[in-house]
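Numbering of the sequence shown is given in the working numbering, commencing with residue 10 and proceeding in unit increments. Backbone N, C-alpha and C define an ideal beta-carbon position, used for all residues, glycine too. Data first, discussion second: the structure below is written as structure tokens.
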Amino acid sequence: MYDAYCDAADYDENHNRAIACEVLARRIVHITPPDRINSVMSTRYRHRQLDGDTSDMASALEMAVDSHCTIFLSSSEAQDVVLDLWRGELIQKNNEHHDIDYISYTETRDSGFWAHLDPARISVPRYQIREPLERLTPDQNAMDPWEYVLYTMSLSFAIEDTVRLFKILRIATYRAINFWTVVSAITDGILLAAFILRVIDLNESDNAYRIKSFQVLSFVSPFIWCLLSVLALGFGQGLYALDAADGETDSPVVVVDDAEAEYLAFFAGKTVGMIRAPDSYVYPAPFNLIELVFVAPIERLLSPHTYNKLNRLIMSLIFFPTLAIIALYESSQQGSKNRWVKNWFIGRDQADSGFEDPKHQDPEVEGEDAVKGLEISRVPFAELIKVFPNTHQSSEATILKEVKDLKEVVQLLLQKVDDLSKK
10 MYDAYCDAAD
20 YDENHNRAIA
30 CEVLARRIVH
40 ITPPDRINSV
50 MSTRYRHRQL
60 DGDTSDMASA
70 LEMAVDSHCT
80 IFLSSSEAQD
90 VVLDLWRGEL
100 IQKNNEHHDI
110 DYISYTETRD
120 SGFWAHLDPA
130 RISVPRYQIR
140 EPLERLTPDQ
150 NAMDPWEYVL
160 YTMSLSFAIE
170 DTVRLFKILR
180 IATYRAINFW
190 TVVSAITDGI
200 LLAAFILRVI
210 DLNESDNAYR
220 IKSFQVLSFV
230 SPFIWCLLSV
240 LALGFGQGLY
250 ALDAADGETD
260 SPVVVVDDAE
270 AEYLAFFAGK
280 TVGMIRAPDS
290 YVYPAPFNLI
300 ELVFVAPIER
310 LLSPHTYNKL
320 NRLIMSLIFF
330 PTLAIIALYE
340 SSQQGSKNRW
350 VKNWFIGRDQ
360 ADSGFEDPKH
370 QDPEVEGEDA
380 VKGLEISRVP
390 FAELIKVFPN
400 THQSSEATIL
410 KEVKDLKEVV
420 QLLLQKVDDL
430 SKK
């Protein structure tokens, strides 16, 4: 797509090349062994650019998100990796070169409650929740509790966004900065300006700064609610597509056919964006203010090991109720019961999952049913799975293989007919 944007005359040709590359990439990950999918999708590489410079490190999944590759991101293999990131089954590990590696979490932990009572689980995307803010009126002189909540949350979110932006620019690439990143930066700046004016007003006798603070705070509302305008445009697009006054109804088909791929690409982008700026100790807002005031200043005074123990202790105390709920949920979802079935369907290592254990493949009936001669299945498990489709091949590849086999059979028949005719 870079060539397409730089050479407008050959835009269509380069755009089609980009689509072809995307389809080929999807085919490659489709035929990749399931146990290597996470490594192939998440390993970060550098490449040599056209001007001779070395690019920033990026994985296949990150580049697909930055390029909005809906065809690639809507594949089942890409979504499996995204879901692993979303659920925290694939976690980040910082290395010494300001880079990150992705490692499996469940394979290095037990399935018990205490094994999942880990402060690092706070950084899992599906556990990071943002709450809405309350409204204010300009007729109050002193700051009420809701204003304290508003400005405390705003300050904590502004610090969090600033740190994330700094890490993205240092570790990732500028392509990770999108429209909503700019909107978030503008929103944080306006809220900070309103807070400064409100603090100045506390020491003034007139209401000038209080009115200005509220006016600045009101100005931020279009940026907070601009996402709703995008939703409104989406509804407008849907209503326009349903217009059949001209006798043509092709537009709904175009919108509906691409909706699933667009949603999956958006979900992948949100998930990757939440973990793209790695942090060893995640304090969700407004608790990051505790880290900023009490923990971060003593980082240089402590050894890395002591600093790590201090952070884990503080996070365990602050987030214990949340961590207990997370640990209870994960330990109940990742128990050993029927784990081999889940691992077999998602292509995990069969040796570790008990796949080859006969008592799992062909379980025996016990008790009164065994006396009656009853069986769970009279067909062995090995025979049952023979009729399952080959998930390592796409439907197109399966059809092409069948056509090729059919051609070979026809060619063999023609050869026999020719031999008979010669006799």
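With C-beta atoms as the reference, is Arg53 less than 8 Å away from Phe81? No, they are not a contact pair.
Is Thr280 closer than 8 Å to Leu94 when the C-beta atoms are compared? Yes, the pair counts as a contact, with Cβ atoms nearer than the cut-off.
Given this structure, state the Cα-to-Cα distance separating Glu140 from Val374, to the nearest angstrom. Unreliable positioning characterises Glu140 in this predicted model, as indicated by a pLDDT of 43, which lies under 50. A coordinate reading is not provided.
Whole-angstrom C-beta distance between Ile131 and Met324, which should lie under 8 Å: Indeed they touch by this definition, with Cβ atoms about 7 Å apart.
Measure how close the beta-carbons of Ala129 and Ala277 come, nearest whole angstrom, since I'm counting them as under 8 Å. Actually they are not in contact, since the Cβ atoms of Ala129 and Ala277 sit about 22 Å apart, beyond 8 Å.
If you follow the beta strand (DSSP E) that Ile112 is part of, which residue opens it and which one closes it? Per DSSP, Ile112 belongs to the beta strand (DSSP E) from 109-113.
Leu273: buried (16+ other C-beta within 10 angstroms of its C-beta) or exposed? With a 10 Å radius around the Cβ and a threshold of 16 neighbouring Cβ atoms, Leu273 comes out buried.
By Cβ distance, which residues of its chain are closer than 7 Å to Asn297, with the 5 residues on each side in sequence left out? Within the same chain, and ignoring the five residues on either side of Asn297 in sequence, the residues whose Cβ sits closer than 7 Å to its Cβ are Ser165, Ile168, Glu169.
Where does Leu322 land, buried or exposed, given buried means 16+ other C-beta within 10 angstroms? Exposed, by the Cβ-count rule.
Bridge partners - Thr196, DSSP secondary structure assignment: Looking at the DSSP assignment, Thr196 forms no beta bridge with any residue, so it has no partner.
Spatial neighbours of Ala202 within its chain, please: C-beta separation below 6 Å, excluding the five flanking residues on both sides. Val225.
Straight-line Cα distance separating Ala194 from Glu213: Between Glu213 and Ala194, the C-alpha separation is close to 29 Å.
Please look up how many angstroms separate the CB atoms of Ser222 and Arg207, rounded, as I've assumed it's under 8 Å. Yes, Ser222 and Arg207 are in contact; Cβ-Cβ is about 4 Å, under 8 Å.
Consult DSSP for Ile220 and reduce its assignment to one of helix, strand or coil. Looking at Ile220 - three-state DSSP - the assignment turns out to be helix.
For the region 43-68, list the alpha helix (DSSP H) runs that are entirely contained and at least 4 residues long, ordered along the chain. Scanning the region 43-68 for uninterrupted alpha helix (DSSP H) segments of 4 residues or longer gives 46-51, listed from N- to C-terminal end.
Considering just the uninterrupted stretch of the alpha helix (DSSP H) at Gln88, what are its terminal residues? Note, Gln88: alpha helix (DSSP H), 85-96.
Who pairs with Lys102 in a beta bridge, going by DSSP? BP columns for Lys102 point to Asp110.
Counted within 10 angstroms of its Cβ, other Cβ atoms place Val396 as buried (16 or more) or exposed: Per the 10 Å Cβ criterion, exposed.
Measuring CB to CB, does Leu99 end up less than 8 Å from Ser113? Ser113 is positioned such that its CB atom lies closer than 8 Å to that of Leu99.
Measuring straight from C-alpha to C-alpha, what distance separates Asp75 and Ile385? Between the C-alpha atoms of Asp75 and Ile385 there is a straight-line separation of about 50 Å.
Let's see if you can read the secondary structure: which residues bound the alpha helix (DSSP H) around Thr79? Membership of Thr79 in the alpha helix (DSSP H) is indicated by the continuous run 79-82.
Which listed residue (Ala67, Tyr316, Ile327) has its alpha carbon closest to that of Ser51: The shortest Cα separation from Ser51 among Ala67, Tyr316, Ile327 belongs to Ala67.
So Gln101 and Ile284 are supposed to be a Cβ contact under 8 Å. How far apart are they, rounded? Their Cβ separation, rounded to whole angstroms, is 6 Å, which keeps Gln101 and Ile284 in contact under 8 Å.
Along the chain, where does the alpha helix (DSSP H) containing Asp21 start, and where does it finish? From DSSP, the alpha helix (DSSP H) with Asp21 extends over 20-40.
Excluding the 5 residues flanking Asp210 on each side, which residues of the same chain have their C-beta closer than 7 Å to its C-beta? Its chain contains Tyr218, Arg219, Ser222 as the residues whose beta carbon lies nearer than 7 Å to that of Asp210, once the 5 sequence neighbours on both sides are disregarded; these appear in chain order.
Rounded to a whole number of angstroms, what is the C-alpha to C-alpha distance between Ile205 and Tyr111? The alpha-carbon atoms of Ile205 and Tyr111 are separated by roughly 41 Å.
Excluding five sequence neighbours on each side, which residues of the same chain lie with their C-beta closer than 7 Å to the C-beta of Leu301? Counting only Cβ-Cβ distances below 7 Å, and skipping sequence neighbours, we find Ile168.
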